[in-house]
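Asks: Dropping the structure in here first, questions after.
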Amino acid sequence: MPELPEVEVVRRGLERGVVGRVIDGVEVYHPRAVRRHAAGPDDFAAALLGRTVTTASRRGKYLWLGLSPQGAEAAGLEAVGAAAAGAGAAGAGESLLGHLGMSGQLLVVPPDSPDQVHLRVRFRFGDGGRELRFVDQRTFGGLAVVSGADLPASIAHIAPDPLAADFDVEHFVDALRRRRTGLKRALLDQTLISGVGNIYADEALWAARLHYARPTETVSRAEAHRLLEAARTVMTAALAAGGTSFDRLYVSTEGVSGLFERSLEVYGREGEQCSRCAAPIRREAFMNRSSYTCPVCQPRPRRARW
DNA sequence: AGTTCAACCTGAAAGC
DNA sequence: TGCTTTCAGGTTGAAC
Numbered sequence: 000m001p002e003l004p005e006v007e008v009v010r011r012g013l014e015r016g017v018v019g020r021v022i023d024g025v026e027v028y029h030p031r032a033v034r035r036h037a038a039g040p041d042d043f044a045a046a047l048l049g050r051t052v053t054t055a056s057r058r059g060k061y062l063w064l065g066l067s068p069q070g071a072e073a074a075g076l077e078a079v080g081a082a083a084a085g086a087g088a089a090g091a092g093e094s095l096l097g098h099l100g101m102s103g104q105l106l107v108v109p110p111d112s113p114d115q116v117h118l119r120v121r122f123r124f125g126d127g128g129r130e131l132r133f134v135d136q137r138t139f140g141g142l143a144v145v146s147g148a149d150l151p152a153s154i155a156h157i158a159p160d161p162l163a164a165d166f167d168v169e170h171f172v173d174a175l176r177r178r179r180t181g182l183k184r185a186l187l188d189q190t191l192i193s194g195v196g197n198i199y200a201d202e203a204l205w206a207a208r209l210h211y212a213r214p215t216e217t218v219s220r221a222e223a224h225r226l227l228e229a230a231r232t233v234m235t236a237a238l239a240a241g242g243t244s245f246d247r248l249y250v251s252t253e254g255v256s257g258l259f260e261r262s263l264e265v266y267g268r269e270g271e272q273c274s275r276c277a278a279p280i281r282r283e284a285f286m287n288r289s290s291y292t293c294p295v296c297q298p299r300p301r302r303a304r305w
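148 is the number that numbering that gives the first Met the number 0 gives to position 149 of the first sequence; each next residue is one higher, with no gaps.
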């Protein structure tokens, strides 16, 4: 699934492709895609009609589109201005919140382009231009209209991500060392640090020369800083490359794959040589998925914790 | 209260 | 060839 860099690529595409436009048609083809919208698919569609998309935001792997106030659909630009003026009030406004899950895509495509096999929701716009389509093979992702524009209340539990301006490094270091779990489990816990998934967790741990089973309480402050810096470096580089695409399940809003796969050091490289020490990269089962490490650069701790 | 794990899905690839 | 098993970028809710 898309992790922070991939979701940020999509957010930028939405900013270019749908901000400032008026939604004038919503079709939900699979109710599971809007299961987080408690009032159901019909209410989901009705709540969006006539509203202007004002902003495209992201925290970790969640993204959301700010919506003009209901009933302010008359003129697109006017609505944008009204929403911007009201954005100062805490908790005000509504948003279209989305998560891509393991296989979700948000595509901005011409209305006459053929429907994708796993098309779940279609959004048409008043200008008759490109549509927004939510496509999701496995339906782990989803969309909902929620309250809150700055940070929707429903994702208040998600921690800031390491590329966010408000990420508090010292708070993260303290919170990490207070945990009683394995280091990779902590990295994947979106309430501690968000945006990191299985790929970038393994890449950051390799770059910081730390093993995933290190008990968090034994991680020094310096090691925690090193790990965070590694995560920032690898995700920034991945973003510059357009993200990581193993297959066609992750693509940008334009349908373009990312190129970072070729820069991965350990993830998906079982048996290949570590670029630092030439030892063969090892793959192990971990939390019903896989972890990739260099057995030499990242020795297993004597006291390991999964 | 903090931590862990099964469950939610579809499809491609590997195994037999 | 075809059937079965395994695996895939994630999150939640409930159990411990």
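Just so you know, even glycine gets a beta-carbon here, dropped at the ideal spot from N, CA and C.
Bear in mind that the values here come from a model prediction, so they are computed numbers and not experimental data.
Assuming SER193 contacts PRO159 (C-beta within less than 8 Å), just tell me the rounded distance between them.
Replies: With a Cβ gap of about 7 Å, SER193 and PRO159 count as contacting.
Asks: Using a Cβ-Cβ cutoff of less than 8 Å, which residues in the same chain neighbour PHE172 once the five nearest sequence positions on both sides are dropped?
Replies: Residue identity differs from the one stated: residue 172 is Val in this sequence, not Phe. Result list for VAL172: ARG220, ALA223, HIS224, LEU227, in chain order.
Asks: May I have a chain-ordered list of the alpha helix (DSSP H) segments no shorter than 4 residues that lie completely inside the region 28-60?
Replies: 40-47
Asks: Consult DSSP for ARG261 and reduce its assignment to one of helix, strand or coil.
Replies: helix
Asks: I want to know whether the region 106-116 touches the region 167-187 - three or more CB-CB distances under 8 Å.
Replies: Using a Cβ-Cβ distance cut-off of 8 Å, the region 106-116 and the region 167-187 are not in contact, since fewer than three pairs of beta carbons, one from each stretch, lie closer than that value.
Asks: Is the beta carbon of SER256 closer than 8 Å to that of SER274?
Replies: The answer is no: Cβ separation not under 8 Å.
Asks: Under 8 Å, with one C-beta from each stretch per pair, do the region 226-242 and the region 293-301 reach the 3-pair mark?
Replies: no
Asks: May I ask which residues mark the beginning and end of the beta strand (DSSP E) holding PHE122?
Replies: 118-124
Asks: If I measure Cβ to Cβ from LEU162 and keep anything under 6 Å in the same chain, skipping five residues before and after, which residues do I get?
Replies: none
Asks: Below 8 Å between beta carbons: does that hold for ARG132 and LEU95?
Replies: no
Asks: Select from ARG184, PHE43, LEU182 the residue whose C-alpha is nearest the C-alpha of ASP23.
Replies: Distance check between ASP23 and each of ARG184, PHE43, LEU182 places PHE43 closest, using alpha-carbon atoms only.
Asks: Which residue marks the beginning of the alpha helix (DSSP H) containing GLU228, and which one marks its end?
Replies: 220-239
Asks: Could you tell me the distance, in whole angstroms, from the CA atom of THR392 to the CA atom of ALA32?
Replies: Within the shown structure, residues of the chain are numbered from 0 to 305, placing residue 392 beyond reach of any answer.
Asks: Roughly how many whole angstroms lie between the Cα atoms of LEU175 and GLY100?
Replies: 25 Å
Asks: Which whole-angstrom value is the C-beta distance of VAL144 and HIS29, which I expect to be below 8 Å?
Replies: So it is not a contact: roughly 17 Å between Cβ atoms.
Asks: Classify GLU216: buried if its beta carbon has 16 or more other beta carbons within 10 angstroms, exposed otherwise.
Replies: exposed
Asks: Does the beta-carbon distance from ARG242 to VAL8 come in below 8 Å?
Replies: Rather than Arg, the amino acid found at residue 242 in this sequence is Gly. Yes; because the gap between Cβ atoms is below 8 Å, this pair is in contact.
Asks: Ordered along the chain, which non-local residues of its own chain (more than five positions away) have a Cβ less than 6 Å from that of ARG213?
Replies: LEU182, PRO300
Asks: With distances taken between CB atoms, is the gap from HIS117 to GLN136 smaller than 8 Å?
Replies: Taking a C-beta distance under 8 Å as the contact criterion, HIS117 and GLN136 qualify as a contact pair.
Asks: Whole angstroms are fine: how far does the CA of GLU93 sit from the CA of ASP188?
Replies: 27 Å
Asks: Rounded to a whole number of angstroms, what is the C-alpha to C-alpha distance between PHE259 and GLY70?
Replies: 43 Å
Asks: Going along the chain, which unbroken runs of the alpha helix (DSSP H) with 4 or more residues stay wholly within the region 164-221?
Replies: 168-177, 182-187, 197-206
Asks: Looking only at its own chain, which residues have a Cβ that is under 7 Å from the Cβ of TRP63, when we skip the five neighbours before and after it?
Replies: SER56, SER94, LEU95, LEU96, GLY97, PRO151
Asks: Pick out whichever of ARG58, LEU66, VAL218 has its Cα sitting closest to the Cα of ILE154.
Replies: ARG58
Asks: Would you kindly report the start and end of the unbroken alpha helix (DSSP H) that includes LEU3?
Replies: 3-16
Asks: From the DSSP output, read off the bridge partner residues of PHE285.
Replies: ARG288
Asks: Mapping DSSP to helix, strand and coil, what is ALA152?
Replies: helix
Asks: Using the rule of at least 16 other Cβ atoms within 10 Å of the residue's Cβ for burial, across every protein chain shown, is TRP205 buried or exposed?
Replies: buried
Asks: Excluding the 5 residues preceding and the 5 following ALA83 in the sequence, name in chain order all residues of the same chain whose CB lies nearer than 8 Å to its CB.
Replies: Bear in mind that the predicted position of ALA83 carries a pLDDT of just 46, short of 50, making it unreliable; the figure below should be weighed with that in mind. Annotation for ALA83: THR53 place their beta carbon closer than 8 Å to its own, counting only its chain and skipping 5 residues before and after.
Asks: By the 10 Å Cβ neighbour count, where 16 or more other Cβ atoms means buried, how is GLU77 classified, buried or exposed?
Replies: Low confidence applies to GLU77: its pLDDT is 47, below 50, so where it sits in the model is not reliable enough to give any reading.
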